[in-house]
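Everything on this sheet refers to the single structure shown next.
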Amino acid sequence: MLRRRFSSQQPVVSSAPSFSTDTHWPEGVLTIFRICSELDAPHESRYYGAYDKLLNYCFGNSFKYFVSPQRAPAKSQDAAADFFIHLVVFNQHGRPVLIAEIKDDSWAQYYASRRFSADEQMRRRYDTVLPTCVLPRLWGLSLLGTSLRVYCGDAVTRVLTPEYEPHPDPHRVLSPGFLEGEWDLDILSQGGFDKMKEIIADITSQDV
59 MLRRRFSSQQ
69 PVVSSAPSFS
79 TDTHWPEGVL
89 TIFRICSELD
99 APHESRYYGA
109 YDKLLNYCFG
119 NSFKYFVSPQ
129 RAPAKSQDAA
139 ADFFIHLVVF
149 NQHGRPVLIA
159 EIKDDSWAQY
169 YASRRFSADE
179 QMRRRYDTVL
189 PTCVLPRLWG
199 LSLLGTSLRV
209 YCGDAVTRVL
219 TPEYEPHPDP
229 HRVLSPGFLE
239 GEWDLDILSQ
249 GGFDKMKEII
259 ADITSQDV
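Following my numbering, the numbering of the sequence shown begins with 59 at its first residue and continues without gaps.
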């Protein structure tokens, strides 16, 4: 009579990537961005799914945080050129802990007027969202493609950084170099990963 021999070794189960322990963006995130960038759709629409996945990865698998798209302002001088996607990360009490605005890559690369508009839209969004934040700080991500500019609003003093840079002369066209380089951090780079680590650590340490 044959006896079946059972191995004492347990099957190896590969663990899913975890932002809290990872030291760089997982290949899966980079692949999603690569695929989305090749879709035949407006740039903002391409990036929506990728950033939704990235933010959910950053905040983990628990039900403590959730990502929600928000309606863009109804009034716009140029609806086509001004189109963007606005995402908010809420905690389990429905309070905002992070905001993100996503636009086409060209906003960072070519037009000073678009960089100026992206900055002003981000500040207007803070005017609306910051009063409802219960954490000491409300972080914001202005994303022109994958080019990142980080904002931080103090919930007590209502001070927003980086400091506002007004139009030097409303009667003149902006200089091509206005706000150039302010979106010089690629969120998919190692520096972008490290910055997101810093932001998420600050949020989760305060949201107790």
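Ideal placement from N, C-alpha and C gives every residue a C-beta, glycine not left out. This one's a predicted model, so the numbers in the text were calculated from it and none came from an experiment.
Mapping the DSSP letters down to three states, classify residue 154 as helix, strand or coil.
Strand, per DSSP.
Just grab the DSSP bridge partners of residue 116 for me.
Looking at the DSSP assignment, residue 116 forms no beta bridge with any residue, so it has no partner.
Excluding five sequence neighbours on each side, which residues of the same chain lie with their C-beta closer than 8 angstroms to the C-beta of residue 121?
Excluding sequence neighbours, residue 121 sits near 150.
Look up residue 216 in the DSSP assignment and say whether it is helix, strand or coil.
It is coil, neither helix nor strand.
For the alpha helix (DSSP H) containing residue 173, name the first residue and the last one.
Note, residue 173: alpha helix (DSSP H), 170-187.
Count the other C-beta atoms from every protein chain shown that fall within 10 angstroms of the C-beta of residue 108, then say buried if there are 16 or more, exposed otherwise.
Per the 10 Å Cβ criterion, buried.
Could you tell me if residue 217 is buried or exposed, where buried requires 16 or more neighbouring beta carbons within 10 angstroms of its beta carbon?
Exposed, since its Cβ has fewer than 16 Cβ neighbours within 10 Å.
Would you call the stretch 222-232 and the stretch 188-203 touching, i.e. three or more CB-CB distances under 8 angstroms?
No contact exists between the stretch 222-232 and the stretch 188-203.
May I ask you to report which of helix, strand or coil DSSP gives residue 263?
Of the three classes helix, strand and coil, the one that applies to residue 263 here is helix, per DSSP.
Measure the beta-carbon distance from residue 267 to residue 173 and round it to whole angstroms, keeping in mind my assumption that it falls under 8 angstroms.
Nothing can be reported for residue 267, as the shown portion of the chain is limited to 59 through 266.
How far does the beta strand (DSSP E) with residue 92 in it reach, from first residue to last?
Note, residue 92: premise wrong, no beta strand (DSSP E); alpha helix (DSSP H) at 85-95.
DSSP has residue 248 in a bridge; who is on the other side?
Paired residues: none, contrary to the question.
Have a look at residue 136 and residue 175 and give me their C-alpha separation to the nearest angstrom.
Bear in mind that a pLDDT of 45 at residue 136, under 50, signals an unreliable position, so the model cannot answer this.
Give me, in chain order, the residues of the same chain whose beta-carbon lies closer than 6 angstroms to that of residue 210; leave out the 5 immediate sequence neighbours on both sides.
Cβ within range, chain order: 195, 197, 219.
Cβ atoms of residue 146 and residue 171: under 7 angstroms apart, would you say?
Cβ atoms of residue 171 and residue 146: not closer than 7 angstroms.
Ends of the beta strand (DSSP E) at residue 201?
Segment 195-202, the beta strand (DSSP E) holding residue 201.
Based on Cα-Cα distance, which residue from 82, 90, 74, 116 lies nearest to residue 248?
Comparing Cα-Cα distances from residue 248 to each of 82, 90, 74, 116, the minimum goes to 82.
Given a cut-off of 7 angstroms, decide if residue 186 and residue 245 are closer than it, judged by their beta-carbon atoms.
For residue 245 and residue 186, no; Cβs fall outside 7 angstroms.
Tell me where the beta strand (DSSP E) around residue 146 begins and ends.
Counting along the chain, the beta strand (DSSP E) containing residue 146 begins and ends at 143-149.
To which residues of the same chain is residue 71 closer than 6 angstroms at the C-beta, ignoring the five residues directly before and after it?
Only weak support is given to the placement of residue 71: the predicted model assigns it a pLDDT of 44, under 50, and the value that follows is read from those uncertain coordinates. Correct list: empty, nothing qualifies.
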